[in-house]
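Asker: As given, the protein sequences belong to chains A and B, one line each in that order. Numbering-wise, this note's numbering puts 302 at position 302 of the first sequence, and it's gapless, one number per residue. Here this note's numbering runs 368 ahead of the position in the second sequence, where the first position is 1. Where a beta carbon is used, it is the ideal one built from N, C-alpha and C, also for glycine. Below: one structure in structure tokens.
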Amino acid sequence: MKQFITFLKKEFAHVLRDRKTLLILFGMPIAQILIFGFALTNEVKNAKIVVVDYANDVSSQKLLRKLEASQYFEIEKTVLSAPEIENAFQAGVVKLALVIPSNFDANLAHDNHAQIQVIADASDPNTANTLTNYVSSIIVDYQQELTRSSGISYRILPETRMLYNPQLKGVYNFVPGVMALVLMLVCVMMTAVSIVREKELGTMEILLVSPFKPLMVVLSKAIPYLLLSLINVAIILLLSVFVLDLPIHGSLLLLFAESTLFIITCLTVGIFISVRTASQQVAMLISLMGMMLPTILFSGFMFPIENMPVALQIISNIVPAKWFYIIVKSIMIKGLGFAGIWKETLILAGITVFLLIVSLKTFKIRLA
Amino acid sequence: MILVVPSVQLSILPLAADYEIKNINIAIVDQDHSSYSQRLISTITSSGYFRLTGMNTSYNGAFSLIEQDAADLILEIPANFEKRIIRENQDKVFIAVNAINGVKANLGAAYLASIVRRFNDDIRLELLPSKGMAQQPIIEVTPTNWFNIHMNYRVFMVPGILAILVTMVGGFLSALNIVKEKEVGTIEQINVTPIRKHHFILGKLIPFWVLGNVVFTVGLLISWLIYGIVPAGNLFVLYGFIGVYLLCVLGLGLLVSTICETQQQAMFIMFFFMMIFILLGGLFTSTDSMPEWAKLVSELNPVTYLIDVMRMIILKGSGFADVSRHLFIVGLFAIGLNTWAVLNYKKTS
Numbered sequence: 001m002k003q004f005i006t007f008l009k010k011e012f013a014h015v016l017r018d019r020k021t022l023l024i025l026f027g028m029p030i031a032q033i034l035i036f037g038f039a040l041t042n043e044v045k046n047a048k049i050v051v052v053d054y055a056n057d058v059s060s061q062k063l064l065r066k067l068e069a070s071q072y073f074e075i076e077k078t079v080l081s082a083p084e085i086e087n088a089f090q091a092g093v094v095k096l097a098l099v100i101p102s103n104f105d106a107n108l109a110h111d112n113h114a115q116i117q118v119i120a121d122a123s124d125p126n127t128a129n130t131l132t133n134y135v136s137s138i139i140v141d142y143q144q145e146l147t148r149s150s151g152i153s154y155r156i157l158p159e160t161r162m163l164y165n166p167q168l169k170g171v172y173n174f175v176p177g178v179m180a181l182v183l184m185l186v187c188v189m190m191t192a193v194s195i196v197r198e199k200e201l202g203t204m205e206i207l208l209v210s211p212f213k214p215l216m217v218v219l220s221k222a223i224p225y226l227l228l229s230l231i232n233v234a235i236i237l238l239l240s241v242f243v244l245d246l247p248i249h250g251s252l253l254l255l256f257a258e259s260t261l262f263i264i265t266c267l268t269v270g271i272f273i274s275v276r277t278a279s280q281q282v283a284m285l286i287s288l289m290g291m292m293l294p295t296i297l298f299s300g301f302m303f304p305i306e307n308m309p310v311a312l313q314i315i316s317n318i319v320p321a322k323w324f325y326i327i328v329k330s331i332m333i334k335g336l337g338f339a340g341i342w343k344e345t346l347i348l349a350g351i352t353v354f355l356l357i358v359s360l361k362t363f364k365i366r367l368a
Numbered sequence: 369m370i371l372v373v374p375s376v377q378l379s380i381l382p383l384a385a386d387y388e389i390k391n392i393n394i395a396i397v398d399q400d401h402s403s404y405s406q407r408l409i410s411t412i413t414s415s416g417y418f419r420l421t422g423m424n425t426s427y428n429g430a431f432s433l434i435e436q437d438a439a440d441l442i443l444e445i446p447a448n449f450e451k452r453i454i455r456e457n458q459d460k461v462f463i464a465v466n467a468i469n470g471v472k473a474n475l476g477a478a479y480l481a482s483i484v485r486r487f488n489d490d491i492r493l494e495l496l497p498s499k500g501m502a503q504q505p506i507i508e509v510t511p512t513n514w515f516n517i518h519m520n521y522r523v524f525m526v527p528g529i530l531a532i533l534v535t536m537v538g539g540f541l542s543a544l545n546i547v548k549e550k551e552v553g554t555i556e557q558i559n560v561t562p563i564r565k566h567h568f569i570l571g572k573l574i575p576f577w578v579l580g581n582v583v584f585t586v587g588l589l590i591s592w593l594i595y596g597i598v599p600a601g602n603l604f605v606l607y608g609f610i611g612v613y614l615l616c617v618l619g620l621g622l623l624v625s626t627i628c629e630t631q632q633q634a635m636f637i638m639f640f641f642m643m644i645f646i647l648l649g650g651l652f653t654s655t656d657s658m659p660e661w662a663k664l665v666s667e668l669n670p671v672t673y674l675i676d677v678m679r680m681i682i683l684k685g686s687g688f689a690d691v692s693r694h695l696f697i698v699g700l701f702a703i704g705l706n707t708w709a710v711l712n713y714k715k716t717s
């Protein structure tokens with residue numbers, strides 16, 4: 001035990017001595033939370049549009065003023081002809097073009113029917129879709145203003161309520177994802193690299209010939225990162241409560257317990273990688289490409305899993321971060337207790353035990 | 369390894385990175401069981417956007433489906449729905465949405481509302497056959513989608529992901545390079561040779577520059593073979609831009625490499641910058657909707673320019689004039705970063 005504590009001290013010294021890495025380790029979650037919380041929004045605001053107003057009459061002016069009054073659009077300029085639209089799109093600033101035909105006013109007044117063409121830059125399909133929807137709904141609004149006097153009968157009024165996140169803030173989705181991402185990064189990459197470094201520099205041999213058990217060598221490498229990660233979890237939670245106003249509805253203790261489980265999973269993955277690799281660069285590449293990307297992809301916080309091809313949906317089930325993401329979301333936002341997440345917890349624990357057994361089995365006391 | 373990993377990613381990532389909102393799971397609580405409510409339900413299920421995952425008798429039953437993530441939204445049709453529409457001229461339906469994912473919630477609710485509106489128009493037309501819709505003025509909107517008529521999300525993602533891959537390969541490899549010599553100790557040998565500083569840096573830079581171009585070419589081939597995306601614009605302009613851009617990324621990598629002592633450090637610092645660059649580069653979310661400070665950061669972010677240019681040239685066929693501003697700025701970055709790296713590299717420790 002005394003040996004173990006000495007080793008632990010050595011590892012802590014290693015970790016704490018490297019100030020630049022430490023700075024990044026703690027700077028990372030802060031930067032991520034700030035970026036996700038404030039900079040990344042999927043809603044489209046201030047989209048620049050061009051207008052070809054062939055009509056230039058009272059109704060078209062009114063409609064344009066309505067568009068401009070909404071926060072979604074900025075009318076970049078009014079061009080005179082259709083071919084100029086393509087140039088505007090190619091210059092890359094404009095996302096949408098609106099063509100109002102001549103006689104717009106007259107058509108509306110006499111035939112009760114007028115047309116407007118909306119051309120979207122669909123190289124970004126989602127923005128195109130969203131903007132087209134916004135324009136349509138503004139036009140529908142305008143239309144209803146016109147009909148207000150006549151009155152509509154037989155109405156069905158949908159009453160919509162947004163559960164959990166009434167202001168539709170993006171952070172509700174991102175915070176649990178950032179937690180998974182940061183923990184994954186710290187634990188997998190740091191553990192893998194710091195063990196492999198000893199191999200690469202040749203100091204592993206010295207550790208292995210010492211009377212200290214090899215398993216303990218690995219364990220004492222993992223523990224500092226476990227503590228650092230728990231501090232990171234605390235930082236993320238503090239930031240999300242106090243900076244992003246995202247309350248924690250469920251039990252804090254349960255949240256930390258589940259985080260610890262996930263951290264152990266990640267550490268196991270890190271050890272597993274380090275057992276299999278011989279150089280730092282390879283270890284980094286594998287933890288970066290093999291773990292980080294699947295985490296971002298398959299945890300479901302950036303990309304909806306249900307949209308993926310079936311094969312990828314199946315693969316997503318073996319990514320630990322996916323389960324952790326569901327767990328954090330359930331506890332933090334939905335406020336569920338252990339009864340609501342035991343299944344996910346069990347899966348996560350299963351993955352951990354499996355990886356642990358495999359890496360212990362393949363752990364070699366001797367270097368090749 | 370350096371070529372295989374990006375190729376695999378380019379083949380898998382766009383498949384996974386599909387933001388289109390479809391297959392929204394809906395649970396319906398029908399307390400009316402009338403012909404209207406049945407028709408509304410079948411209109412919803414046949415719309416193609418929604419997947420009916422539960423018919424519940426109570427709101428609480430449906431809500432537990434939301435808690436289990438089995439449903440994304442609930443539609444509750446109150447009792448006497450049909451009667452009230454006919455007798456009292458109007459009635460409500462209740463929609464509750466799981467809004468943890470705000471975008472999905474918003475779009476889902478909007479789709480549902482528009483289906484309800486269409487259903488509403490239908491029954492109004494039946495009840496008022498003579499007056500119907502003709503009475504109100506109608507503005508018909510005809511949407512057209514340019515550059516990507518099928519609204520294929522992959523077409524949008526592939527150039528962006530290719531941009532990220534080129535950045536990652538160039539950035540990480542160059543960042544780990546000098547620092548590796550430092551860690552292993554071979555840097556001492558180079559330091560005692562009479563080689564000039566900028567020759568040394570250039571020598572480090574050129575192989576990676578070639579490699580970056582190779583990765584980019586492989587990426588273009590993959591996007592042509594798998595996704596059928598052929599650059600609509602001029603290839604020379606594209607390669608010219610990539611050439612300058614690679615200098616910029618490699619410069620950043622070398623700079624990081626001169627600052628750090630261990631590979632672990634270099635990798636972490638590089639990762640930190642990469643993450644910020646990629647997130648703020650407009651790959652997933654448009655830079656236009658960002659707040660002012662983030663817009664400022666993305667103006668100083670070379671990745672923003674690359675993603676922008678890739679999409680402009682490959683998808684829209686923009687020409688040299690359209691991207692000249694991007695090229696100029698990235699060129700400035702390249703010069704600045706490389707000069708800094710050379711100045712920062714000291715032969716004596």
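Hey, how far is the Cα of Cys187 (chain A) from the Cα of Ile263 (chain A)?
Answerer: About 7 Å.
Asker: Is Pro247 (chain A) helix, strand or coil by DSSP?
Answerer: Pro247 (chain A) falls in the coil class under three-state DSSP.
Asker: Determine, using beta carbons only, whether Phe638 (chain B) and Ala709 (chain B) come nearer to each other than 7 Å.
Answerer: In the sequence as displayed, the identity of residue 638 (chain B) is Met instead of Phe. Against a cut-off of 7 Å, the Cβ pair of Ala709 (chain B) and Met638 (chain B) comes out as no contact.
Asker: Taking beta-carbon pairs under 8 Å, can you tell me which members of the stretch 7–26 of chain A lie near chain B?
Answerer: Within the stretch 7–26 of chain A, the qualifying residues are Asp18, Lys20, Thr21, Ile24, Leu25.
Asker: So Leu420 (chain B) and Thr411 (chain B) are supposed to be a Cβ contact under 8 Å. How far apart are they, rounded?
Answerer: Their Cβ separation, rounded to whole angstroms, is 12 Å, which puts Leu420 (chain B) and Thr411 (chain B) out of contact at 8 Å.
Asker: Below 9 Å on C-beta distance, what does Arg486 (chain B) contact in chain A?
Answerer: Within 9 Å Cβ-Cβ: nothing; Arg486 (chain B) doesn't reach chain A, min ~10 Å.
Asker: Report yes if the C-beta distance between Asp141 (chain A) and Ile100 (chain A) is below 7 Å; otherwise report no.
Answerer: No, they are not a contact pair.
Asker: Taking Ile271 (chain A) as the reference, give the member of A:Val217, A:Asn87, A:Phe242, A:Leu254 with the closest Cα.
Answerer: Checked all of A:Val217, A:Asn87, A:Phe242, A:Leu254; the closest Cα to Ile271 (chain A) is A:Val217.
Asker: Give the straight-line distance between the Cα atoms of Ser149 (chain A) and Gln90 (chain A), rounded to the nearest whole angstrom.
Answerer: The pLDDT assigned to Ser149 (chain A) is 49, lower than 50, so where the model puts this residue is not dependable, and the model offers no usable value.
Asker: Excluding sequence positions up to five away, which residues of its chain have a Cβ less than 7 Å from the Cβ of Ile347 (chain A)?
Answerer: Contacts found: Trp323.
Asker: Provide the residue span of the beta strand (DSSP E) that contains Val118 (chain A), from first to last.
Answerer: Unbroken beta strand (DSSP E) run through Val118 (chain A): 113–121.
Asker: Cα-Cα, which of A:Phe104, A:Asp105, A:Ala122 is closest to Glu86 (chain A)?
Answerer: Selected option, being the one with the closest Cα: A:Ala122.
Asker: On the three-state DSSP scale, how would you describe Ala339 (chain A)?
Answerer: In this structure, Ala339 (chain A) counts as helix in the three-state DSSP scheme.
Asker: Spatial neighbours of Asp656 (chain B) within its chain, please: CB distance less than 7 Å, with the 5 preceding and 5 following residues excluded, ordered by chain position.
Answerer: Around Asp656 (chain B): no qualifying Cβ.
Asker: Determine the direct distance from the alpha carbon of Arg276 (chain A) to that of Thr127 (chain A), and round the result to whole angstroms.
Answerer: Looking at the two C-alpha atoms, the distance is approximately 44 Å.
Asker: Would the beta-carbon of Leu355 (chain A) fall within 7 Å of that of Thr268 (chain A)?
Answerer: Their beta carbons are under 7 Å apart, which means Leu355 (chain A) touches Thr268 (chain A) by this criterion.
Asker: Could you tell me the distance, in whole angstroms, from the CA atom of Gly704 (chain B) to the CA atom of Ala47 (chain A)?
Answerer: Their backbone Cα atoms lie some 32 Å apart in a straight line.
Asker: To the nearest angstrom, how far is the alpha carbon of Ala502 (chain B) from that of Ala473 (chain B)?
Answerer: Reliability fails at Ala502 (chain B), whose pLDDT of 49 lies under 50, so the model's placement of it is uncertain and no value is given.
Asker: For Ser123 (chain A), decide whether its Cβ has a neighbour in chain B, counting only Cβ atoms nearer than 7 Å.
Answerer: So, interface residue.
Asker: Bridge partners for Pro511 (chain B) per DSSP, in chain order?
Answerer: Its beta-bridge partners are A:Val118.
Asker: Would you mind sorting Lys2 (chain A) into buried or exposed? The rule is 16 or more other CB atoms within 10 Å of its CB.
Answerer: That one is exposed.
Asker: Express the C-alpha separation of Leu183 (chain A) and Ala257 (chain A) in angstroms, rounding to a whole number.
Answerer: C-alpha separation (whole angstroms): 14 Å.
Asker: Between which two residues does the alpha helix (DSSP H) holding Thr672 (chain B) run?
Answerer: That run of the alpha helix (DSSP H) goes 670–678.
Asker: Per DSSP, Asn310 (chain B) is paired with what?
Answerer: Within the shown structure, residues of chain B are numbered from 369 to 717, placing residue 310 (chain B) beyond reach of any answer.
Asker: Could you check whether the Cβ of Leu346 (chain A) sits closer than 7 Å to any Cβ belonging to chain B?
Answerer: Leu346 (chain A) does not count as touching chain B.
Asker: Please report the straight-line C-alpha distance between Ile627 (chain B) and Asn712 (chain B), rounded to a whole angstrom.
Answerer: Looking at the two C-alpha atoms, the distance is approximately 8 Å.
Asker: What does the Cβ neighbour count give for Ala69 (chain A), buried or exposed, with the cut at 16 atoms within 10 Å?
Answerer: Under this definition Ala69 (chain A) is an exposed residue.
Asker: At a CB-CB cut-off below 8 Å, which residues of chain A make contact with Asn391 (chain B)?
Answerer: Per Cβ cutoff of 8 Å: Glu306, Asn307.
Asker: Taking Leu648 (chain B) and Ala531 (chain B) to be in contact with their CB atoms under 8 Å, please state how far apart those CB atoms are, rounded to whole angstroms.
Answerer: Their Cβ separation, rounded to whole angstroms, is 13 Å, which puts Leu648 (chain B) and Ala531 (chain B) out of contact at 8 Å.
Asker: Tell me Phe418 (chain B)'s beta-bridge partners as DSSP assigns them.
Answerer: Paired residues: B:Ile392.
Asker: So, Tyr607 (chain B) versus Val526 (chain B), is the Cβ gap smaller than 7 Å?
Answerer: It is not a contact, given that the beta carbons lie outside the stated cut-off.
Asker: Would you list the residues sitting across from Asp351 (chain B) in a DSSP beta bridge?
Answerer: The requested residue 351 (chain B) does not occur in the structure, where chain B is confined to residues 369 to 717.
Asker: With the cut-off set at 7 Å, would you say Ala234 (chain A) and Thr191 (chain A) are in Cβ contact?
Answerer: No; because the gap between Cβ atoms is not below 7 Å, this pair is not in contact.
Asker: How far does the beta strand (DSSP E) with Thr78 (chain A) in it reach, from first residue to last?
Answerer: Here the beta strand (DSSP E) through Thr78 (chain A) covers 73–79.
Asker: Could you check if Gly500 (chain B) is buried or exposed, using at least 16 other CB atoms within 10 Å of its CB as the buried criterion?
Answerer: Because the pLDDT at Gly500 (chain B) is just 46, under 50, the model does not fix this residue reliably, and the point stays unresolved.
Asker: Give the interface partners of Gly340 (chain A) over in chain B, defined as CB-CB distance under 9 Å, in chain order.
Answerer: Glu435, Gln436, listed in chain order.
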